[in-house]
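Participant: So that we are looking at the same thing, I have put the structure below in structure tokens.
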Amino acid sequence: MKMSRLVAFSSSLLLGTVLALTGVGVAQAQESAAAVDYVALGDSYSSGVGAGSYDSASGDCKRSTRAYPVLWKAANNPASFAFTACSGARTGDVTAGQLGPLSSATDLVSISIGGNDAGFADVMTTCVLQSEATCLSRIATARAYVDSTLPGKLDSVYTAISAKAPSARVVVLGYPRFYKLSGSCVAGLSEKERTAINGAADYLNAATAKRAADHGFTFGDVTPTFTGHEICSGSAWLHSVNWLNIGESYHPTAAGQSGGYLPALSSKA
């Protein structure tokens, strides 16, 4: 009986020690997670254009409280958070005006950039308002720019980020395909135009992913998360052309930010 009590006491003591150590481990893990210093850079896809609920203090940058960087912050409680992404930003705008919060203490950086450099807005305006042949020609011009000029511009941004935040994990987010082919849309662009626009998005993503990898960054592909939620899908997470609010056209909705972009960041952060 005494031996049984001794064994029981020893087991209880061991269990208590294990639980105590486990508790310390959990606390340390939580503390480590909370210690992340996060900076969100980029263009309108990162600022949250199309999601509504814009911070009035952000002015024309249109930073939304529903944008994926803000959602990641709410879910992960980082030690610090800086949100400098801005609607309409090109690569030069990032290097000139968004890198201020970066430092050697920065642990995580997210960015989407390059679409405006490649002429995203002009491509869609051309395709919506002009002929199929003109649309396809404009897409070809954009693809040529992605080949010849965009890689160097991305290199400049990525090099600047690394210089200011050498220890940070950098997650480069891509762009979704806009259209579900053979979908529910019965008017508007032709299927050939939609196919070419989707192909251009894939082309831009491939070039961006290559440059990101060459800098040691991680590419977050949003194509899988948006699959089934493209324009013409019947459950779109992207605005189609909106003549009453043209700036939100072809941008993610709030559901696109939470269901499309946030998982892509969370899986890589």
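With mature numbering (1 follows the signal peptide of the UniProt record, and there is no 0) applied, the sequence shown corresponds to residues -29 to -1, 1 to 240, in that order. The C-beta atom is built at its ideal place from N, Cα and C for all residues, glycine as well. Predicted, not measured: the structure shown is a model, and the values here were computed from it.
Rounded to whole angstroms, what's the CA-CA distance from residue 168 to residue 240? Just pull it up for me.
Facilitator: Within the sequence shown, the letter at position 197 stands for residue 168. Within the sequence shown, the letter at position 269 stands for residue 240. Residue 168 and residue 240: Cα-Cα distance of roughly 29 Å.
Participant: Looking at the secondary structure, which residues open and close the beta strand (DSSP E) in which residue 191 lies?
Facilitator: Numbered from its first residue, the sequence shown carries residue 191 at position 220. Run containing residue 191: 189 to 191, per the beta strand (DSSP E) assignment.
Participant: Helix, strand or coil for residue 72, going by three-state DSSP, please let me know.
Facilitator: One-based indexing of the sequence shown puts residue 72 at position 101. In this structure, residue 72 counts as coil in the three-state DSSP scheme.
Participant: Between residue 222 and residue 16, is the Cβ-Cβ spacing less than 9 Å?
Facilitator: What you label residue 222 is simply residue 251 of the sequence shown in a count that begins at 1. What you label residue 16 is simply residue 45 of the sequence shown in a count that begins at 1. Yes, Cβ-Cβ distance for residue 222 and residue 16 is below 9 Å.
Participant: In terms of residues, what are the limits of the beta strand (DSSP E) holding residue 54?
Facilitator: The residue labelled residue 54 in the question sits at position 83 within the sequence shown. Here the beta strand (DSSP E) through residue 54 covers 51 to 54.
Participant: Helix, strand or coil: how does DSSP classify residue 84 here?
Facilitator: Here residue 84 refers to the residue found at position 113 of the sequence shown. In the structure shown, residue 84 sits in coil (DSSP, three-state: anything other than H, G, I, E or B).
Participant: Check this for me: beta carbons of residue 80 and residue 142, under 9 Å apart or not?
Facilitator: Within the sequence shown, residue 80 is the residue found at index 109, counting from 1. Within the sequence shown, residue 142 is the residue found at index 171, counting from 1. In contact: residue 80 and residue 142 (Cβ atoms closer than 9 Å).
Participant: With a cut-off of 8 Å, do at least 3 Cβ pairs link the segment 145 to 159 to the segment 169 to 185?
Facilitator: Because the criterion of three Cβ pairs below 8 Å is met, the segment 145 to 159 and the segment 169 to 185 touch.
Participant: Identify every run of the alpha helix (DSSP H) within the segment 129 to 194, keeping only runs that are complete inside it and at least 4 residues long; order them along the chain.
Facilitator: As far as the segment 129 to 194 is concerned, its whole alpha helix (DSSP H) runs of at least 4 residues are 162 to 185.
Participant: For residue 78, which of 65, 52, 170, 19 has the nearest alpha-carbon?
Facilitator: Mapped onto the sequence shown, residue 78 falls at position 107. Among 65, 52, 170, 19, the Cα nearest to that of residue 78 is on 52.
Participant: So which of 233, 96, 190, 205 has the shortest CA-CA distance to residue 156?
Facilitator: The residue labelled residue 156 in the question sits at position 185 within the sequence shown. Cα-wise, what sits closest to residue 156 is 205.
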